[in-house]
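*Asks:*
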């Protein structure tokens with residue numbers, strides 16, 4: 088069970104300065120203990136990743152995980168047979184799709200960039216604007232949203248009901264339900280699978296006490312990541328994933344990225360003027376191998392993304408070697424692929440009836 | 088190296104009767120030797136699968152296979168980043184897509200059903216109308232065809248050239264080439280990978296002499312498969328995959344399948360009236376788990392497909408137990424997944440630039 092601890096003092100960019108100053112003075116005063124201090128500071132900012140993201144009302148049972156895994160990789164969950172959760176979360180790209188913004192069923196262009204699903208279940212909300220409370224909430228809305236494009240819940244339920252093995256797999260996963268194939272249970276099963284997708288990296292080995300898990304350059308980058316203020320938002324076990332921030336505190340993000348787009352983030356959802364250009368703080372685990380960057384996938388290179396973030400969020404012009412250093416640290420956040428995410432399940436056969444696709448017979 | 092041997096006497100449906108009569112009389116005359124006779128007949132019809140489908144001018148080198156595997160599963164080979172070879176050949180469905188007819192890049196509906204790529208490299212031509220000589224010929228045309236939808240070879244070449252690791256992987260695979268990233272080399276690499284995708288099944292164990300690899304019911308089905316005449320076309324190591332036949336020798340296939348479609352098969356390619364409704368004889372390996380069936384994916388259930396084939400190709404009305412028996416045999420053709428086809432490679436990261444997709448910045 089994972090609860091991201093409250094992060095004090097995140098309300099104003101001014102607060103970012105405090106821990107920086109502390110760290111820098113500590114480093115100067117006790118140079119011999121520098122490594123120990125860095126580890127101590129890092130541990131206070133980055134509590135350990137949980138083993139999984141189970142919750143009391145979101146249990147991870149082997150039956151649910153097995154079913155969720157099947158559904159996650161099955162395009163027959165989509166309205167036209169072309170998409171599945173894995174269409175945007177390909178194992179080939181660390182559970183992203185290498186696209187600026189994703190393409191869903193029926194070729195619908197999605198509004199924003201697909202983040203990795205690894206470790207996402209520990210985030211305190213889902214999607215760039217936080218519109219979904221958790222991975223189950225995300226999954227149930229994906230069924231009839233642009234990702235999977237089903238006209239209604241019933242259509243996907245009855246489609247799965249007609250495929251051998253699924254009725255039995257649902258009964259095993261939800262033994263108390265008279266009618267187990269429901270959109271809700273699809274979401275609970277997919278969610279159970281996603282809650283197992285925790286991907287620890289070398290950074291976690293370092294936090295656990297293995298000092299040489301990070302190279303000197305990476306530790307230097309970690310120090311800068313904290314010292315520059317990045318870790319004021321990108322903290323917690325997800326190195327982000329908790330709360331929202333305006334993208335562009337010191338300058339309009341569109342100017343910095345060159346992305347001439349109207350996306351106002353959370354404002355488009357809440358209509359609260361205080362939410363203009365506010366987006367969920369992305370978790371940075373896996374960031375080094377999951378370009379392109381930002382909610383609109385407007386930036387392809389990580390160094391450029393780091394430089395832009397420092398500028399528009401922290402009013403800081405990073406030197407080239409500082410950018411390089413932070414990028415080196417971010418590379419240590421690339422997680423090990425969670426067990427068998429890259430091993431495709433063989434799904435029960437069952438053709439997609441032509442009629443379902445509106446194809447002539 | 089694999090050459091499918093010439094199949095004598097395939098020209099006319101009348102010839103189908105001969106081996107049937109021989110088998111039946113043999114079974115009656117030497118009941119004690121029935122098992123041995125069946126094996127002997129089967130061995131004469133189904134030469135062993137090769138270990139791979141390498142050819143002198145299509146060498147399988149580890150470097151080509153490794154590169155081909157990366158390309159096969161990389162959607163950045165497509166014009167819009169949404170498709171790869173694996174979009175139609177998903178590991179989840181034994182290298183098919185569970186769709187009646189496939190959906191390619193830019194959401195283009197393809198004309199015909201995607202057959203499994205397992206064992207396909209030993210077929211004597213590719214695609215339902217045999218328009219491509221081999222898997223390399225298929226792959227190079229897929230780049231700019233509806234499957235991958237690139238406007239031209241150059242666009243995919245330059246896209247791959249910009250992704251880290253690919254230039255080096257191409258150099259390793261094609262060390263003698265001054266400019267190794269070419270559409271031709273993409274096809275040669277993908278082809279090399281595909282030539283390794285040989286998927287032997289329990290039927291091969293049986294042919295190799297392990298009599299109990301097939302159950303009694305499956306051996307009975309094999310006998311019927313030969314005796315009814317199915318094996319007159321579906322023979323050779325691929326249990327098909329060699330040559331063409333009119334679909335609907337005794338009745339229009341459209342009447343039997345209910346598929347009201349204008350597809351005239353090889354005729355649409357050659358314009359030879361003798362080719363009307365002629366299609367490649369599909370290889371039946373994997374057939375039990377790769378519905379829907381026929382070039383148009385019009386039939387979902389294998390028993391129905393078997394019944395239709397017997398009727399329209401052999402003018403035979405199969406009894407229910409005969410259909411069941413043949414279906415049991417066909418189940419023994421489900422191959423073991425070729426090494427790691429279901430294990431997705433982690434691809435070098437590299438975002439798909441927005442401009443390439445015609446997206447506003």
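Residue numbers (the working numbering), protein chains in the order written: chain A, 88 to 448; chain B, 88 to 448.
All residues carry an ideal CB built from backbone N, CA and C; glycine is no exception.
1) Less than 8 Å between the C-beta atoms of residue 279 of chain B and residue 155 of chain B, yes or no?
2) List, in chain order, every chain B residue whose beta-carbon is nearer than 8 Å to that of residue 190 of chain A.
3) When you check each C-beta in the segment 332–355 of chain B against every C-beta of chain A, which residues fall closer than 9 Å?
4) Straight-line CA distance for residue 408 of chain A to residue 330 of chain A?
5) Counting only beta-carbon atoms, is residue 109 of chain B nearer than 8 Å to chain A?
6) Considering residue 398 of chain B, what are the terminal residues of the alpha helix (DSSP H) in which it resides?
7) In terms of residues, what are the limits of the beta strand (DSSP E) holding residue 332 of chain B?
8) Do residue 140 of chain A and residue 209 of chain A have their beta-carbon atoms positioned less than 8 Å apart in this structure?
9) Output, in sequence order along the chain, the residues in the segment 368–400 of chain A whose CB is closer than 7 Å to any CB in chain B.
10) So what does DSSP say about residue 290 of chain A, is it helix, strand or coil?
11) Please classify residue 333 of chain A as buried or exposed, where buried requires at least 16 neighbouring CB atoms within 10 angstroms.
12) Step through the CB atoms of chain A and report whether any lies within less than 8 Å of the CB of residue 430 of chain B.
13) To the nearest angstrom, how far is the alpha carbon of residue 276 of chain B from that of residue 252 of chain B?
14) Roughly how many whole angstroms lie between the Cα atoms of residue 245 of chain A and residue 397 of chain B?
15) Rounded to a whole number of angstroms, what is the C-alpha to C-alpha distance between residue 343 of chain B and residue 354 of chain A?
16) For residue 148 of chain B, which of B/306, B/259, B/164, B/421 has the nearest alpha-carbon?
17) Would you say residue 185 of chain B lies against chain A (beta-carbon separation less than 8 Å)?
18) What's the gap between the Cα of residue 298 of chain A and the Cα of residue 152 of chain A?
19) Count the other C-beta atoms from every protein chain shown that fall within 10 angstroms of the C-beta of residue 138 of chain B, then say buried if there are 16 or more, exposed otherwise.
20) Across the segment 195–213 of chain A and the segment 309–317 of chain A, are there enough close Cβ pairs to call them in contact, namely three or more that are closer than 8 Å?
21) Just checking, does the segment 161–177 of chain B make contact with the segment 217–224 of chain B on the three C-beta pairs under 8 Å criterion?
22) Rounding to the nearest angstrom, what Cα-Cα distance links residue 436 of chain A and residue 430 of chain A in this structure?
23) Go ahead and pull the three-state DSSP assignment for residue 342 of chain B.
24) Alpha carbon to alpha carbon, how far is residue 133 of chain B from residue 420 of chain B?
25) Would you report the Cα separation of residue 242 of chain A and residue 171 of chain A, rounded to the nearest angstrom?
26) Short check: CB of residue 384 of chain A to CB of residue 365 of chain A, under 8 Å?
27) Relative to the alpha-carbon of residue 410 of chain A, which residue among A/402, A/427, A/424, A/392 has its alpha-carbon at the smallest distance?
28) Checking the sheet assignment: what are the DSSP bridge partners for residue 183 of chain B?
29) Please tell me whether residue 304 of chain B and residue 415 of chain B are closer than 8 Å, where the distance is taken between their beta carbons.
30) Identify the contact partners of residue 163 of chain A in chain B, using a Cβ-Cβ distance below 9 Å as the criterion.
31) Compare the C-beta of residue 180 of chain B against all C-beta atoms of chain A and say whether one is closer than 8 Å.
32) Compare the C-alpha of residue 128 of chain B against each of B/390, B/306, B/406, B/404 and name the closest.
33) Assuming residue 325 of chain A contacts residue 370 of chain A (C-beta within less than 8 Å), just tell me the rounded distance between them.
34) Using 8 Å as the limit for Cβ to Cβ distance, is residue 436 of chain B near chain A?
35) Quick check on residue 423 of chain A: buried or exposed, where buried means 16 or more other Cβ atoms within 10 Å of its Cβ?
36) Identify the continuous alpha helix (DSSP H) that holds residue 354 of chain A and give its terminal residues.
*Replies:* Considering the structure as presented:
1) yes
2) Neighbours of residue 190 of chain A on chain B, chain order: 167, 168, 169.
3) 344, 345, 346, 347, 348
4) 30 Å
5) Any reading at residue 109 of chain B must be qualified, since the residue scores a pLDDT of 45, below 50, and its modelled position is unreliable; the value itself is stated next. No, its Cβ sits nowhere closer than 8 Å to a Cβ of chain A.
6) Unbroken alpha helix (DSSP H) run through residue 398 of chain B: 389–401.
7) 331–333
8) yes
9) 376, 377, 378, 379, 384, 385, 387
10) It is helical.
11) buried
12) yes
13) In a straight line, the C-alpha of residue 276 of chain B is about 15 Å away from that of residue 252 of chain B.
14) 32 Å
15) 57 Å
16) B/259
17) yes
18) 34 Å
19) exposed
20) no
21) no
22) 18 Å
23) helix
24) 12 Å
25) 15 Å
26) no
27) A/392
28) B/177
29) yes
30) 185
31) yes
32) B/306
33) 4 Å
34) True, the Cβ-Cβ gap to chain A drops below 8 Å.
35) exposed
36) 354–357
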